[in-house]
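What follows is a short report on a single structure.
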Amino acid sequence: MQRIWKSGKEVLVKRLNSKSGCAVEVTLSVMGGTWKPIILFHLLHGKKRFSELSRSIGAITQRMLTLQLRELEDAGIVLRTVYAEVPPRVDYELTELGRSLQPVLIAMRNWGQEYAKDRLHDDTLPASCAEDSEQKAA
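Take any residue in the sequence shown, note its place counting from 1, add 181, and you have its number in this note's numbering.
Take a look at the structure:
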């Protein structure tokens, strides 16, 4: 991790130096892990509030969702918009850079579907994936 100053505050940022010389390593340092691709996939369809993301992902803790969203925001992948309302409202959406990950995320989803069908002999998906799949196919 490296410390930088952004908007007058210190922020920890993952180093993007590739140890292996492979660009895949850089990609994984930005959007890799268990939760980030799932969060990004759910944001492909537009703005979502924190509670919507939390409900749609299910197994993620609020603390982990907050941490992952902050890292994605610091990387310029997710835009966080805070509205001056009572109670406060916060929306998350993909930036243009984040939207450029759509083909990668769709390919990951498609690969997972085929893997589940062929190797796990399970062609059933959680409802949220099935809905996203239908929306993207249309």
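No residue lacks a Cβ here, since even glycine has one placed at the ideal position from N, Cα and C. Predicted, not measured: the structure shown is a model, and the values here were computed from it.
Worksheet item: Contact check, residue 232 vs residue 241 under 8 Å by CB: the rounded distance?
Response: Cβ atoms of residue 232 and residue 241 stay farther apart than 8 Å, at about 12 Å.
Fill in: Straight-line Cα distance separating residue 229 from residue 281
Within the model, the alpha-carbon separation for residue 281 versus residue 229 is close to 18 Å.
Item to complete: May I ask you to verify whether the segment 246 to 264 touches the segment 292 to 300, counting CB pairs closer than 8 Å and requiring at least 3?
Response: Using a Cβ-Cβ distance cut-off of 8 Å, the segment 246 to 264 and the segment 292 to 300 are not in contact, since fewer than three pairs of beta carbons, one from each stretch, lie closer than that value.
Item to complete: Counting only the same chain and skipping the five closest in sequence on each side, list residues whose C-beta sits under 8 Å from that of residue 270.
Response: Around residue 270: 230, 263 and 264.
Practice prompt. Helix, strand or coil for residue 229, going by three-state DSSP, please let me know.
Written response: Residue 229: strand per DSSP, three-state reduction.
Discussion item. Run through the DSSP bridge pairs and tell me what residue 205 is partnered with.
Written reply: Answer is none; residue 205 lacks a bridge partner.
Worksheet entry | Segment limits, alpha helix (DSSP H) that includes residue 246 | Residues 243 to 255.
Fill in: Beta-carbon spacing of residue 279, residue 221 below 8 Å
Yes. Within cutoff.
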